[in-house]
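Visitor: This is the structure I have questions about; it appears just below.
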Amino acid sequence: MKRTLLMAGIAMLLTVSPAIAGIVIKTTITIGRKSNDCQGFGLCSISSSSSYTEGAVNSTFDVNEERGSMIICIYESDIQKVQPDKMLYFKNKGSVIFAEDISMTEEINRAIQASKPVLIKKGEYELTYRNGKFYIEIPL
Numbered sequence: 053m054k055r056t057l058l059m060a061g062i063a064m065l066l067t068v069s070p071a072i073a074g075i076v077i078k079t080t081i082t083i084g085r086k087s088n089d090c091q092g093f094g095l096c097s098i099s100s101s102s103s104y105t106e107g108a109v110n111s112t113f114d115v116n117e118e119r120g121s122m123i124i125c126i127y128e129s130d131i132q133k134v135q136p137d138k139m140l141y142f143k144n145k146g147s148v149i150f151a152e153d154i155s156m157t158e159e160i161n162r163a164i165q166a167s168k169p170v171l172i173k174k175g176e177y178e179l180t181y182r183n184g185k186f187y188i189e190i191p192l
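Put into structure tokens, the structure is as follows:
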């Protein structure tokens with residue numbers, strides 16, 4: 053009985069702690085390089101609106117300045133449905149490469165309560181897959 057309660061408590065902490073750890077906002081993004089007419093890999097457009105935007109996929113941004121990172125979560129089903137040509141950047145990959153710096157919009161910076169504008173610097177970032185979602189962790 054004690055073991056069951058302990059396991060339930062640990063599971064609850066693991067479920068709740070990410071929400072406590074930082075600010076999580078729902079977003080819609082268009083995958084692609086802004087400078088290349090949304091071709092290739094990058095974040096072509098970003099909106100804090102969770103309403104449907106033509107050609108955009110649902111995602112979340114989890115920002116924790118104390119931890120010093122932002123985690124972008126992108127739903128696999130949305131990529132397959134809305135931008136299936138972009139799956140090649142995700143499927144069976146352990147990292148993604150942003151070929152150009154990406155500045156978060158003022159709208160996003162406000163929503164995540166960033167103390168300074170958030171910038172994703174060009175470079176390679178770890179990509180993980182879990183429960184139908186892709187996660188990209190970006191140090192701030």
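Take 53 as the starting number for the sequence shown in the numbering used here and just add one per residue.
For each residue, glycine too, the CB sits at the ideal point set by N, CA and C.
Please read all numbers here as calculations on a predicted model, not as lab measurements.
Report the rounded CA-to-CA distance for Met122 versus Lys86, giving the unit in angstroms.
Guide: On the sequence shown, position 70 is the one that residue 122 refers to. On the sequence shown, position 34 is the one that residue 86 refers to. Going by the C-alpha atoms only, they are around 20 Å apart.
Visitor: Look at Tyr177 and Ile190 and say whether their C-beta atoms are less than 7 Å apart.
Guide: Position 125 of the sequence shown, counted from the first residue, corresponds to residue 177. Position 138 of the sequence shown, counted from the first residue, corresponds to residue 190. It is a contact, given that the beta carbons lie within the stated cut-off.
Visitor: With distances taken Cα to Cα, identify the nearest neighbour of Lys138 among Thr112, Leu95, Val76, Thr157.
Guide: Along the sequence shown, read from residue 1 onward, the residue named residue 138 stands at position 86. Comparing Cα positions, the closest option is Leu95.
Visitor: For a quick check, are the C-beta atoms of Ile172 and Leu179 less than 7 Å apart?
Guide: Stepping through the sequence shown from its first residue, residue 172 is reached at position 120. Stepping through the sequence shown from its first residue, residue 179 is reached at position 127. No, these two residues do not count as a Cβ contact at 7 Å.
Visitor: Give the DSSP bridge partners of Gly175, in chain order.
Guide: Position 123 of the sequence shown holds residue 175. Answer is Phe150.
Visitor: Measure how close the beta-carbons of Ile149 and Phe113 come, nearest whole angstrom, since I'm counting them as under 8 Å.
Guide: Position 97 of the sequence shown, counted from the first residue, corresponds to residue 149. Position 61 of the sequence shown, counted from the first residue, corresponds to residue 113. Contact flag wrong, Cβ pair sits at about 19 Å.
Visitor: Alpha carbons only, please: which of Ile83, Ile98, Asp89, Phe93 is nearest the one belonging to Ile77?
Guide: Within the sequence shown, the letter at position 25 stands for residue 77. The option with the nearest alpha carbon to Ile77 is Ile98.
Visitor: With a threshold of 16 other CB atoms inside 10 Å of the CB of Gly84, please say whether the residue is buried or exposed.
Guide: For the purposes of this step, residue 84 is taken as residue 32 along the sequence shown, with counting starting at 1. Label assigned to Gly84: buried.
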